[in-house]
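Undergrad: Start counting the sequence shown at 1; every next residue gets the next number (full-length UniProt numbering).
The following block contains the structure, expressed as structure tokens.
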Amino acid sequence: MSRRKTERLLNLVICLLATRRPLSAEQIRQAVPGYDPDNDEAFQRMFERDKNELREIGIPIEVHKDPWEDDPGYRISRESYELPEITLEPDEAAVIGLAAQVWQRASLAEAASGALLKLTAGGVHADLPESPLELRVDTRDPAFPALWEAVRDRRAVTFDYRSAGSESVLRRTVEPWGVVSRRGRWYLVGHDRDRGAPRVFRLSRITGAVSTLGRPGAFTVPEGLDLRSMVGYQDLPRERVALVRVRKGTCLGLRHAAQAVRTGPEEWDEAEVTFADPERLAGWLASLGRNAVVVEPPDAREAVIRRLKGALQ
Numbered sequence: 001m002s003r004r005k006t007e008r009l010l011n012l013v014i015c016l017l018a019t020r021r022p023l024s025a026e027q028i029r030q031a032v033p034g035y036d037p038d039n040d041e042a043f044q045r046m047f048e049r050d051k052n053e054l055r056e057i058g059i060p061i062e063v064h065k066d067p068w069e070d071d072p073g074y075r076i077s078r079e080s081y082e083l084p085e086i087t088l089e090p091d092e093a094a095v096i097g098l099a100a101q102v103w104q105r106a107s108l109a110e111a112a113s114g115a116l117l118k119l120t121a122g123g124v125h126a127d128l129p130e131s132p133l134e135l136r137v138d139t140r141d142p143a144f145p146a147l148w149e150a151v152r153d154r155r156a157v158t159f160d161y162r163s164a165g166s167e168s169v170l171r172r173t174v175e176p177w178g179v180v181s182r183r184g185r186w187y188l189v190g191h192d193r194d195r196g197a198p199r200v201f202r203l204s205r206i207t208g209a210v211s212t213l214g215r216p217g218a219f220t221v222p223e224g225l226d227l228r229s230m231v232g233y234q235d236l237p238r239e240r241v242a243l244v245r246v247r248k249g250t251c252l253g254l255r256h257a258a259q260a261v262r263t264g265p266e267e268w269d270e271a272e273v274t275f276a277d278p279e280r281l282a283g284w285l286a287s288l289g290r291n292a293v294v295v296e297p298p299d300a301r302e303a304v305i306r307r308l309k310g311a312l313q
């Protein structure tokens, strides 16, 4: 939404809230900056769009028809517009604070921080005691935001997926039931329409964009579903060792995580790094740029190359 449109909608809400009597469209046109003062048809189209958009986000615009007037009047009732008082028990407020802390650096950080700020402004204190432990949620998988929204809206999704131990990529159509984290990895649990059965998909194996299908509310999640147990039964891949060349004097985090580091040729050292998922390893190593080069195994090296080519494109 453009800044001009945002300002116009905000001014319209303020105008309709402040008035004590319903205002006609012409009165609104004169009072709210941003409407065309000369073109009647353009004003009517813009005003109708603005009313619809405000109603779609839950702002109740009332229409009043005065028998002595030709045109209807509009206003926003303050009682209908304002939220009721929010009261939370101490343990409920603590959960809100914990959730905001968890999502601080994830894709939902802005929404979590905004919700916490509004609760604080309303007198709800969600502060947590200081702790040496700091909770974080790692959602660097590009598919996470789209899948989270699809789960929330109950919309089917389609995406390209690379199966474990295979380089073949197949198109999947899924009714998403939930997104679950297990041992540092994120999984999608849902009903696979192509196979007609529940399936679990690792987000790091989803390639390309996630597209939604149909309208919201197109399916229902089975009652009593235990998403964590479904993910827990998945076979976890065995850990392997990647040989990575790191430029001398760089990549301190990788050096610390490696099980062994030895002097390599010229300006390089060689580190042995354990991993289970090539795509997750590739996301880490690709972020190190020219200071890290995967020597082996081939699938880990190819995964890094794919990441770098995607960033270049």
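The beta-carbon is built from N, C-alpha and C at its ideal position, and this holds for glycine as well.
The model shown is predicted, which means the values in this text are computed figures rather than measured ones.
According to DSSP, D269 sits in a beta bridge with which residue or residues?
TA: V246, T263
Undergrad: Using three-state DSSP, classify F219 as helix, strand or coil.
TA: coil
Undergrad: Residues in its own chain within less than 6 Å of V241 by CB, not counting five upstream and five downstream?
TA: E272, T274
Undergrad: Report all residues from its chain with a CB closer than 6 Å to the CB of A146; omit the five preceding and five following residues, and keep chain order.
TA: Excluding sequence neighbours, A146 sits near V210.
Undergrad: Identify whether T158 lies in helix, strand or coil by the three-state DSSP scheme.
TA: strand
Undergrad: Quick check on the DSSP output: the beta strand (DSSP E) that includes A300 runs from which residue to which?
TA: First-last for A300: 298-312, but that is the alpha helix (DSSP H), not the beta strand (DSSP E).
Undergrad: Alpha carbons only, please: which of R290, R280, S80, V174 is nearest the one belonging to R155?
TA: V174
Undergrad: Which partner residues does F282 have in the DSSP bridge list?
TA: The question names Phe, yet the displayed sequence has Ala at residue 282. According to DSSP, which records beta bridges pairwise, A282 is partnered with nothing at all.
Undergrad: Grab the span of the alpha helix (DSSP H) containing A31 for me, first residue to last.
TA: 25-31
Undergrad: For the alpha helix (DSSP H) containing R55, list its first residue and its last residue.
TA: 40-56
Undergrad: Per DSSP, which one or two residues make a beta bridge with A143?
TA: Paired residues: none, contrary to the question.
Undergrad: Tell whether a beta-carbon distance below 8 Å holds between I59 and Y74.
TA: no
Undergrad: Around the Cβ of V63, are there at least 16 other Cβ atoms within 10 angstroms (buried) or fewer (exposed)?
TA: exposed
Undergrad: Using DSSP with H/G/I as helix, E/B as strand and the rest coil, what is W148?
TA: helix
Undergrad: Please state the DSSP three-state secondary structure of T207.
TA: strand
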